[in-house]
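Trainee:
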Amino acid sequence: MSATATAVSRHDWTLAEVRSLFELPFNDLLFQAQTVHRQHFDPNRVQVSTLLSIKTGACPEDCKYCPQSGHYNTGLDKEKLLEVQKVLEEAARAKAIGSTRFCMGAAWKHPSAKDMPYVLQMVEGVKALGLETCMTLGKLDQEQTRALAEAGLDYYNHNLDTSPEFYGNIITTRTYADRLETLAYVRDAGMKICSGGILGMGESLDDRAGLLIQLANLPEHPESVPINMLVKVKGTPLAEAQDVDPFDFIRMLAVARIMMPQSHVRLSAGREQMNEQMQALAFFAGANSIFYGEKLLTTANPQADKDMQLFARLGIQPEAREEHDDDVHQAAIEQALVEQRDSKLFYNAASV
Ligand code: SF4
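Take 1 as the starting number for the sequence shown in UniProt numbering and just add one per residue.
1. Return the residue from the list Phe166, Val123, Gly130 and Asp161 that minimises the CA-CA distance to arginine 146.
2. Buried or exposed: where does histidine 264 fall if 16 or more other Cβ atoms within 10 Å of its Cβ makes it buried?
3. Going by alpha carbons, who is nearest to methionine 274 out of Asp307, Lys86 and Val186?
4. Select from Gly125, Thr173 and Ile171 the residue whose C-alpha is nearest the C-alpha of glycine 152.
5. In terms of alpha-carbon separation, which member of Met116, Leu88, Thr56 and Gln262 lies closest to valine 36?
6. Let me have the residue list for ligand 1: C-beta closer than 5 Å to any non-hydrogen atom, ordered along the chain.
7. Is methionine 252 closer than 9 Å to isoleucine 213 when the C-beta atoms are compared?
8. Could you pull the start and end residues of the beta strand (DSSP E) that isoleucine 54 belongs to?
9. Please look up how many angstroms separate the CB atoms of proline 219 and histidine 11, rounded, as I've assumed it's under 8 Å.
10. Could you pull the start and end residues of the alpha helix (DSSP H) that glutamate 24 belongs to?
11. Taking only runs of the beta strand (DSSP E) that begin and end inside the stretch 127-183, which ones reach a length of at least 3 residues, in chain order?
12. In angstroms with no decimal places, state the Cα-to-Cα distance between alanine 256 and glutamate 79.
13. Going by DSSP in three states, lysine 192 sits in which element: helix, strand or coil?
14. Look up proline 246 in the DSSP assignment and say whether it is helix, strand or coil.
15. Taking only runs that begin and end inside the stretch 244-294, name each unbroken alpha helix (DSSP H) of 4 or more residues, in chain order.
16. What does DSSP give as the partner residue(s) for proline 318 in the beta ladder?
17. Evaluate the contact criterion for the stretch 56-66 versus the stretch 275-295: three or more CB pairs, one atom per stretch, below 8 Å.
18. For glutamine 32 versus isoleucine 258, is the C-beta distance shorter than 9 Å?
19. Look at the alpha carbon of alanine 189 and the alpha carbon of leucine 52, and state the distance between them as a whole number of angstroms.
20. Write down the C-beta distance between arginine 266 and serine 289 rounded to the nearest angstrom, noting that I regard them as a contact closer than 8 Å.
21. Please list, in chain order, all residues of the same chain as threonine 14 whose beta carbon is under 8 Å from its beta carbon, the five residues on each side excluded.
22. With DSSP run on the structure shown, which of helix, strand or coil describes arginine 101?
23. Tell me the DSSP secondary structure of leucine 15 in three-state form.
24. Could you check how far apart the C-beta atoms of leucine 230 and glycine 197 are, in whole angstroms? I think they sit under 8 Å.
25. Quick check: the Cα distance between cysteine 63 and serine 204, rounded to an integer number of angstroms?
26. Closest to glycine 200 by C-alpha separation, out of Tyr65, Pro25, Gly130 and Asp154, would be which residue?
27. On the three-state DSSP scale, how would you describe alanine 336?
28. Which one or two residues does DSSP pair with glycine 197 in a beta bridge?
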């Protein structure tokens, strides 16, 4: 039986099977991924999240790719935990420009007892705005995990980053087992999991396969799987890492789609470096979630946004919230897209 037909709820992927997916001719792999994608999702909808850093820099972890690590001098401005009110203002703006999920990230090893009450207030406030909530705060203990779930946190992001074998080359201050433990606490508390990894850190093909096997062989697939392209930041140990072949990046998205057919696969960090053609190919391979509008949080003109322009050119529409679809809000987003499509800015295939 083909991987397509058997993929739905598999949690027993082997390295040999995943290797053979990566080794498929590009067109065969993309066809298979697109076929799986269409069985579970509307192929012309992409989920849109906005990410806000609620505490930036000076992180005690030593992730070699990360400009926020206190171990490296990257010239990043450090910031303390943002005030709750400021976070809620940014969330309201994210909603106004079409985001359905608001992700809040803090550069911590783990949240402290002192910070937890503020973090919980942020979750409650963002939730009250009608947005889905997501946080990434580092390692959690069981009590913190339960408190976040009770406050209404929908998703917790905690990336595995790479395979267990390659992991020690990238991070030494937190173990792979720690990460798996946090993911298990999140699942036990009833929250959804967002977990993925990064390409371009010097990992082998088997490491990429190994990461996907770890994610797909969890007792439940993560609902959200961010696949990042390394953003090389001066001052980090990976500043001079070799570029990933763009086709290999697309292959990773396609294999993730086949192995975790019901998960949202997110085209995540590194998207700014991808041209529109590569992003279109990524959507065809099964990516159906993006971070959007970070810069828009400070601009008044969503019409000018490149992401929405690309969506309009590709006939893609933002996905409504999974629960409680807000038809009015959705209609407003779609209207904005139609207006953009009609504007002179856009290439009109019908007129050629
Ligand atoms: S834990 Fe997160 S913020 Fe801290 S160094 Fe690693 S990736 Fe960066």
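Where a beta carbon is used, it is the ideal one built from N, C-alpha and C, also for glycine.
Mentor: In short:
1. Val123
2. buried
3. Selection Asp307, Lys86 and Val186 evaluated against methionine 274 yields Asp307 as nearest (Cα-Cα).
4. Gly125
5. Gln262
6. Cys59, Glu61, Cys63, Cys66, Gln68, Ser69 and Ala107
7. no
8. 45-55
9. Confirmed, about 7 Å.
10. Checking the displayed sequence, the identity of residue 24 turns out to be leucine instead of glutamate. From DSSP, leucine 24 is part of no alpha helix (DSSP H); its letter is neither H nor E.
11. 132-136 and 155-157
12. 35 Å
13. strand
14. helix
15. The stretch 244-294 contains these whole alpha helix (DSSP H) runs: 246-259 and 276-285.
16. Val46
17. no
18. yes
19. Near 24 Å, if we compare the C-alpha coordinates of leucine 52 and alanine 189.
20. 4 Å
21. Ile213
22. strand
23. helix
24. With 8 Å as the limit, leucine 230 and glycine 197 do not qualify as a contact, their Cβ atoms being about 10 Å apart.
25. Whole-angstrom Cα-Cα distance: 18 Å.
26. Minimum Cα distance to glycine 200 is reached at Tyr65.
27. Caution is warranted here: a pLDDT of 46 is assigned to alanine 336, below 50, making its placement in the model unreliable, and the coordinate value is therefore given only provisionally. Alanine 336 falls in the helix class under three-state DSSP.
28. Asp161 and Ile227
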